[in-house]
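**Student:** I am attaching a structure below and will ask some questions about it afterwards.
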Amino acid sequence: MTATAVPTTLLEVTTQGSLVTGTEVTLTSRQFSYTIDEPPALGGTDKGANPVEHLLAALASCTVISYQVWADKLGLTVDTIDVDLRGDLDLAGFLGTDDSVRPGFQGIELGIKVSGPESEAEYRRLEQAVAAHCPVLDNLTNGVPVTTSLEVAA
Numbered sequence: 001m002t003a004t005a006v007p008t009t010l011l012e013v014t015t016q017g018s019l020v021t022g023t024e025v026t027l028t029s030r031q032f033s034y035t036i037d038e039p040p041a042l043g044g045t046d047k048g049a050n051p052v053e054h055l056l057a058a059l060a061s062c063t064v065i066s067y068q069v070w071a072d073k074l075g076l077t078v079d080t081i082d083v084d085l086r087g088d089l090d091l092a093g094f095l096g097t098d099d100s101v102r103p104g105f106q107g108i109e110l111g112i113k114v115s116g117p118e119s120e121a122e123y124r125r126l127e128q129a130v131a132a133h134c135p136v137l138d139n140l141t142n143g144v145p146v147t148t149s150l151e152v153a154a
């Protein structure tokens, strides 16, 4: 038996961010720039969606894209894919007023609606493929190691 080479499929993804003022942050991912901010109730100026809204948006968009990619891979037709997400966040954790409360979402609900000519069984098969292969869903449900480094500038 001979070993066969496995192609490298590792994709490095990067984002850079900088504080503008208050809670406003500008970010760059590849050639795309965007602003993240908090609403006034959390000390921001509402110049963009906040980080946890972007987290939900990342899950929403990755889910839709994964459905389309896997529909193509499985030879299925999907006419529409709509998602609706909701996350419950207890601000006591973020603001540090209750150390027993986690600062992140208490839970996330992801609703998916597909339409097309395939049977329900085929769309259930698609659902299983997406659940097994959606990168953002995987990061949220299985966790990912995060290494943090701090450099104090002079």
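Counted from 1, the sequence shown has number 40 at position 40 by UniProt numbering; the numbering is strictly sequential.
We treat Cβ as the ideally placed atom computed from N, Cα and C, and that holds for glycine.
Report the option in Gly44, Ile65, Val78, Asn50 whose CA atom is closest to the CA atom of alanine 131.
**Tutor:** Position 131 of the sequence shown, counting from 1, holds the residue named residue 131. When only C-alpha atoms are compared, the closest one is Ile65.
**Student:** State whether the region 81-94 contacts the region 49-64, with contact taken as three or more CB pairs (one from each stretch) at a distance under 8 angstroms.
**Tutor:** The answer is yes - the region 49-64 touches the region 81-94, with three or more Cβ pairs under 8 angstroms.
**Student:** Output the boundary residues of the beta strand (DSSP E) element that contains glutamine 16.
**Tutor:** The count along the sequence shown starts at 1 and reaches residue 16 at position 16. It spans 16-21 - the beta strand (DSSP E) in which glutamine 16 sits, taken as one unbroken run.
**Student:** Quick one: which unbroken beta strand (DSSP E) runs of 3-plus residues sit fully inside the region 4-87? Chain order, please.
**Tutor:** With a minimum length of 3 residues, the continuous beta strand (DSSP E) runs that stay inside the region 4-87 are 16-21, 24-29, 32-36.
**Student:** Are at least three pairs of beta-carbons, each pair with one atom in the region 68-79 and one in the region 16-33, less than 8 angstroms apart?
**Tutor:** Result no; under three Cβ-Cβ pairs closer than 8 angstroms.
**Student:** Name the DSSP bridge partner or partners of leucine 110?
**Tutor:** Taking the first residue of the sequence shown as 1, we reach residue 110 at position 110. DSSP lists Leu85 as partners of leucine 110.
**Student:** Per the contact definition of three or more C-beta pairs closer than 8 angstroms, is the region 17-29 in contact with the region 41-50?
**Tutor:** In short, these stretches touch, since the Cβ pair count reaches three.
**Student:** What does a CB cutoff of less than 7 angstroms around tryptophan 70 pick up in its chain, not counting 5 residues either side in sequence?
**Tutor:** Locating residue 70 in the sequence shown gives position 70, counting from the first residue. Leu126, Ala129, Val130, His133, listed in sequence order.
**Student:** Could you check if valine 144 is buried or exposed, using at least 16 other CB atoms within 10 Å of its CB as the buried criterion?
**Tutor:** On the sequence shown, residue 144 is found 144 positions in, with the first residue counted as 1. Exposed: under 16 other Cβ atoms inside 10 Å.
**Student:** So, are the CB atoms of leucine 140 and threonine 63 less than 8 angstroms apart?
**Tutor:** Translated into the one-based positions of the sequence shown, residue 140 becomes position 140. Translated into the one-based positions of the sequence shown, residue 63 becomes position 63. Their beta carbons are not under 8 angstroms apart, which means leucine 140 does not touch threonine 63 by this criterion.
**Student:** Rounded to whole angstroms, what's the CA-CA distance from leucine 95 to alanine 49? Just pull it up for me.
**Tutor:** Stepping through the sequence shown from its first residue, residue 95 is reached at position 95. Stepping through the sequence shown from its first residue, residue 49 is reached at position 49. Taking the straight line joining both Cα atoms gives about 19 angstroms.
**Student:** In chain order, what residues of the same chain lie with their CB nearer than 7 angstroms to the CB of proline 51, ignoring the 5 residues before and after it?
**Tutor:** The sequence position of residue 51 within the sequence shown is 51, counting from 1. Answer for proline 51: Ile36, listed in chain order.
**Student:** Quick one: measure Cβ to Cβ for threonine 15 and leucine 27, integer angstroms, because I've assumed they're closer than 8 angstroms.
**Tutor:** What you label residue 15 is simply residue 15 of the sequence shown in a count that begins at 1. What you label residue 27 is simply residue 27 of the sequence shown in a count that begins at 1. That belief holds up - the Cβ atoms of threonine 15 and leucine 27 are roughly 6 angstroms apart, short of 8 angstroms.
**Student:** Just the C-alpha distance for isoleucine 112 and proline 103, rounded to the nearest angstrom, thanks.
**Tutor:** Translated into the one-based positions of the sequence shown, residue 112 becomes position 112. Translated into the one-based positions of the sequence shown, residue 103 becomes position 103. C-alpha separation (whole angstroms): 26 angstroms.
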